[in-house]
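Visitor:
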Amino acid sequence: MRTADGPGLLTAKAAALSSLTDILHQSPALHHCRIAVAAGSRDNGYSADIYAPLPPTRPFIAPPSPSQLREMPAETALPEATTVCVVGAGPSGMACALGLAARSIPVVLVDALEAGHNSSRAIGIQASALEALNATHPQLVTDLLSDGIPSKTFTTIDLAERELLRLRLYDLAQYTQFPFMLLLTQHKAERRMRAALSAAGVPIHWNTRVTSYTPSDAGHVVSFASGQTLTARYVVGADGHHSTIRFLAGIALLNPLTRQPSAPSPADPSFVVADVLLAEPIPPNLPRDRIQIMVGGGGMVLSAPLLSDSPNPRKKNFFRLYLGVGETPPSSPDLAYVQAILDTRGPGAVVKTEHGVVKVEELLHAARYRTRPALVEKMVQRAEGREAWTVLIGDAAHGNAPAGGQGMALGICDGAELAAAIHEHLTAPAGPGPDAMDVYAARRHAVAYQVVTLVEDIMQVEKGGMDWKSRARNNVIWAAGRVAPVNRLLAWKISGLGNKDIKGKV
Ligand SMILES: Cc1cc2nc3c(=O)[nH]c(=O)nc-3n(C[C@H](O)[C@H](O)[C@H](O)COP(=O)(O)OP(=O)(O)OC[C@H]3O[C@@H](n4cnc5c(N)ncnc54)[C@H](O)[C@@H]3O)c2cc1C
Numbered sequence: 000m001r002t003a004d005g006p007g008l009l010t011a012k013a014a015a016l017s018s019l020t021d022i023l024h025q026s027p028a029l030h031h032c033r034i035a036v037a038a039g040s041r042d043n044g045y046s047a048d049i050y051a052p053l054p055p056t057r058p059f060i061a062p063p064s065p066s067q068l069r070e071m072p073a074e075t076a077l078p079e080a081t082t083v084c085v086v087g088a089g090p091s092g093m094a095c096a097l098g099l100a101a102r103s104i105p106v107v108l109v110d111a112l113e114a115g116h117n118s119s120r121a122i123g124i125q126a127s128a129l130e131a132l133n134a135t136h137p138q139l140v141t142d143l144l145s146d147g148i149p150s151k152t153f154t155t156i157d158l159a160e161r162e163l164l165r166l167r168l169y170d171l172a173q174y175t176q177f178p179f180m181l182l183l184t185q186h187k188a189e190r191r192m193r194a195a196l197s198a199a200g201v202p203i204h205w206n207t208r209v210t211s212y213t214p215s216d217a218g219h220v221v222s223f224a225s226g227q228t229l230t231a232r233y234v235v236g237a238d239g240h241h242s243t244i245r246f247l248a249g250i251a252l253l254n255p256l257t258r259q260p261s262a263p264s265p266a267d268p269s270f271v272v273a274d275v276l277l278a279e280p281i282p283p284n285l286p287r288d289r290i291q292i293m294v295g296g297g298g299m300v301l302s303a304p305l306l307s308d309s310p311n312p313r314k315k316n317f318f319r320l321y322l323g324v325g326e327t328p329p330s331s332p333d334l335a336y337v338q339a340i341l342d343t344r345g346p347g348a349v350v351k352t353e354h355g356v357v358k359v360e361e362l363l364h365a366a367r368y369r370t371r372p373a374l375v376e377k378m379v380q381r382a383e384g385r386e387a388w389t390v391l392i393g394d395a396a397h398g399n400a401p402a403g404g405q406g407m408a409l410g411i412c413d414g415a416e417l418a419a420a421i422h423e424h425l426t427a428p429a430g431p432g433p434d435a436m437d438v439y440a441a442r443r444h445a446v447a448y449q450v451v452t453l454v455e456d457i458m459q460v461e462k463g464g465m466d467w468k469s470r471a472r473n474n475v476i477w478a479a480g481r482v483a484p485v486n487r488l489l490a491w492k493i494s495g496l497g498n499k500d501i502k503g504k505v
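Heads up: the sequence shown begins at 0 in numbering that gives the first Met the number 0, then just goes up one per residue.
#1: With C-beta atoms as the reference, is L158 less than 8 Å away from R344?
#2: Using only CA atoms, which one of R102, A101, E113 and D267 lies nearest to G89?
#3: In terms of alpha-carbon separation, which member of V505, N473 and T175 lies closest to A435?
#4: Quick one: what's got a C-beta closer than 6 Å to L391's C-beta in the same chain, skipping five residues either side?
#5: Please name the residue or residues paired with H397 in a DSSP beta bridge.
#6: With 16 as the cutoff for other CB atoms within 10 Å, does N498 come out buried or exposed?
#7: Taking the CB atoms as reference points, tell me whether G347 and S469 lie closer together than 8 Å.
#8: Identify which residue in P178, H219, L320 and N254 has its Cα closest to the Cα of D267.
#9: Counting C-beta neighbours from all protein chains within 10 Å, is the total for W491 16 or more, i.e. buried, or is it exposed?
#10: Is G236 helix, strand or coil by DSSP?
#11: Are the Cβ atoms of I124 and L181 separated by less than 8 Å?
#12: Following the continuous alpha helix (DSSP H) through D267, name the residue where it begins and the one where it ends.
#13: Can you determine whether any heavy atom of ligand 1 sits closer than 7 Å to the C-beta of V349, and answer yes or no?
#14: Can you tell me which of the three DSSP states Q185 falls into?
#15: Just to check my reading of the structure: A100 and V201 have Cβ atoms closer than 8 Å, yes? What is that Cβ distance to the nearest angstrom?
#16: Are the beta-carbon atoms of G495 and N486 separated by less than 8 Å?
#17: If distances are taken between C-alpha atoms only, which option among A429, I501 and E416 comes closest to A131?
#18: Can you give me the start and stop residues for the alpha helix (DSSP H) that P90 sits inside?
#19: Any contact between the segment 356-371 and the segment 274-283? By contact I mean 3 or more CB pairs, one from each, below 8 Å.
#20: Since F153 is in the beta strand (DSSP E), which residue starts that stretch and which ends it?
#21: CB-CB under 8 Å to V356, same chain, minus the five flanking residues each way: which ones, in chain order?
#22: Indicate whether at least one CB of chain C lies closer than 8 Å to the CB of P332.
#23: With a threshold of 7 Å (Cβ to nearest heavy atom), would P328 be considered close to ligand 1?
#24: According to DSSP, is G384 helix, strand or coil?
#25: Using 8 Å as the threshold, is the segment 450-460 in touch with the segment 399-418, meaning 3 or more CB pairs across them?
#26: Which residues does DSSP list as the beta-bridge partners of G323?
#27: Give the secondary structure of H136 by DSSP, where H, G and I count as helix, E and B as strand, and everything else as coil.
#28: Do you know offhand how far T152's Cα is from L171's?
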């Protein structure tokens, strides 16, 4: 595996940072365009990101499909004790459990659900997460690659269909085996991760909801809704945005921009996520090989092509759309609602061509949700005087808007890195100075802060209209994106590979 910290890139990065920062500072129109490339913006004190779904149109967590039910392993009894109890079998918890299993660290993975999620959520995995998984489970990554479409570029266009930015992820080929964002649905990625866990001999204990946990001399005693208990030295809260572990540990979730407790606000941006089959012919301005974001209409119109499981040829036009909306969307966004947005601010809506606007033939699923930036005040907590640790990872620790496709990758990297930190913590002799858990906590907090602020900056562009300020900002992006080092720096950050450079303050 190639390393992702090439000195040439770092030099280019420094140059690009200063030039882009200069451009930004010189333009009053960009006052609000805080592209988080300034090296000094690491601040452990805050960060954030959250997916806070509104009540969904259908049960947000769909019941298990027949194939999921077949996949569910025979009931395995919970042991009375383990080293690590991972709470939550989403991508973050599974990445952590896989990393622990690869290091032969005893782990118990529990989840309150009957089976894995199969709802519409993330659409892609960044290179950083593929690298993290590949380090211990290369077969898993091979399987994931076979399920997805490598988006080697990431294009942003405005309402006039001017290409503002073509992010060249393929330029990262000298630093990663995965110079692209892999487009695949989250539920498919999770399915592959569950198969990898099963191959590693780690069962998932479904229907196993944590209700409380308390420190003891032997570690934390975790209690489940069933009345069973389990003792574990490390409790990993990978239990999503509404984390029970975070609540029980009394760890605050903050808005990183205000440092106030993260709380819903009418100003939180809303999105509609829609899985659709598009009608033939698909116009050429809707790419089938990459993500495209259209901005300028007051909310993004993101399209991502996905591979369908179905042999039905009609399903080859399977896309997921993320539509940023200025107002609260209906509780059940229907085909007409989605089409109306495409008709007013999708590709072909303003620039008229013979192809017209893309037509949605069938709406497979749609949900509305809103987001706000959030980050826990700390990711690791030790029970006083005890060898009992609580760690929060993934959405339990942070949340951000879908812009830039960062959430799932960040959680996977949290989980994979935590497994390595626990291994080091268990095996390295205790000495003066910070231990592996302290270093992990500081680093991942700083990484999450960077990602959340990066996403907030991208959101400013995506929320923009065609007013002079937005146009000025878009012009700067257009110009900056044509400077090769700047383009590569942005690709480096979006891919998550740049997070390797972040240390955090211990
Ligand atoms: C609509 C939507 C669109 C999204 N789009 C993107 C995108 O484009 N790109 C991207 O990268 N990310 C996206 N995300 C975010 C991404 O889905 C999350 O970042 C990711 O799911 C986080 O994974 P996780 O494992 O941390 O948490 P989750 O996936 O939420 O998993 C948490 C698990 O914990 C379990 N659990 C909860 N409480 C308990 C308990 N008390 N006891 C036991 N188990 C419990 C739950 O059942 C669940 O299975 C999107 C999210 C949403 C909602």
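All C-beta atoms in this analysis are idealised placements derived from N, C-alpha and C, irrespective of residue type, glycine included.
Guide: On the basis of the data shown:
#1: Along the sequence shown, one-based indexing puts residue 158 at 159. Along the sequence shown, one-based indexing puts residue 344 at 345. Cβ distance < 8 Å, so L158 and R344 count as in contact.
#2: What you label residue 89 is simply residue 90 of the sequence shown in a count that begins at 1. Out of R102, A101, E113 and D267, the CA that lies nearest to the CA of G89 is found in E113.
#3: The residue you call residue 435 lines up with position 436 of the sequence shown. Taking the Cα of A435 as reference, the smallest distance to any Cα among V505, N473 and T175 is reached at V505.
#4: Translated into positions along the sequence shown, residue 391 becomes position 392. The answer, listed in chain order, is G236, R245, V375 and M378.
#5: Working through the sequence shown from its first residue, we reach residue 397 at position 398. According to DSSP, H397 bridges with L374.
#6: What you label residue 498 is simply residue 499 of the sequence shown in a count that begins at 1. Buried.
#7: Position 348 of the sequence shown, counting from 1, holds the residue named residue 347. Position 470 of the sequence shown, counting from 1, holds the residue named residue 469. Their beta carbons are not under 8 Å apart, which means G347 does not touch S469 by this criterion.
#8: By one-based count along the sequence shown, residue 267 stands at place 268. That would be N254, whose Cα lies nearest to the Cα of D267.
#9: Translated into positions along the sequence shown, residue 491 becomes position 492. Label assigned to W491: buried.
#10: Reading the sequence shown from its first residue, position 237 is the one you call residue 236. In the three-state DSSP reduction, G236 falls in the strand class (E or B).
#11: Working through the sequence shown from its first residue, we reach residue 124 at position 125. Working through the sequence shown from its first residue, we reach residue 181 at position 182. Going by C-beta atoms, I124 is nearer than 8 Å to L181.
#12: Reading the sequence shown from its first residue, position 268 is the one you call residue 267. Per DSSP, D267 belongs to no alpha helix (DSSP H) and is neither H nor E.
#13: Here residue 349 is taken as the residue at index 350 of the sequence shown, counted from 1. No, the beta carbon of V349 sits no closer than 7 Å to any heavy atom of ligand 1.
#14: Taking the first residue of the sequence shown as position 1, residue 185 is located at position 186. Helix at Q185.
#15: As a first step, residue 100 is located in the sequence shown; it is residue number 101 there, counting from the start. As a first step, residue 201 is located in the sequence shown; it is residue number 202 there, counting from the start. A Cβ-Cβ distance of about 5 Å is found for the pair A100 and V201, placing them in contact under the 8 Å criterion.
#16: The residue you call residue 495 lines up with position 496 of the sequence shown. The residue you call residue 486 lines up with position 487 of the sequence shown. Contact flag unset, no.
#17: One-based indexing of the sequence shown puts residue 131 at position 132. The candidate whose alpha carbon is nearest that of A131 is E416.
#18: Reading the sequence shown from its first residue, position 91 is the one you call residue 90. Residues P90 to A101.
#19: Segments in contact, yes.
#20: Residue numbering aside, residue 153 sits at position 154 when the sequence shown is read from its first letter. Run containing F153: T152 to I156, per the beta strand (DSSP E) assignment.
#21: Translated into positions along the sequence shown, residue 356 becomes position 357. So the list reads P282, L341, D342, G345, P346, G347 and A348, once near-sequence residues are dropped.
#22: This model lacks chain C altogether, as it is built from one protein chain only.
#23: The residue you call residue 328 lines up with position 329 of the sequence shown. No - ligand 1 has no heavy atom lying nearer than 7 Å to the Cβ of P328.
#24: Against the sequence shown, residue 384 aligns to sequence position 385. Secondary structure at G384: coil, using DSSP grouped into helix, strand and coil.
#25: The segment 450-460 makes contact with the segment 399-418: 3 or more CB pairs, one atom from each, lie closer than 8 Å.
#26: Indexing the sequence shown from 1 puts residue 323 at position 324. In the DSSP assignment, the residues bridged to G323 are F270.
#27: One-based indexing of the sequence shown puts residue 136 at position 137. Of the three classes helix, strand and coil, the one that applies to H136 here is coil, per DSSP.
#28: Reading the sequence shown from its first residue, position 153 is the one you call residue 152. Reading the sequence shown from its first residue, position 172 is the one you call residue 171. So the alpha carbons of these two residues sit roughly 11 Å apart.
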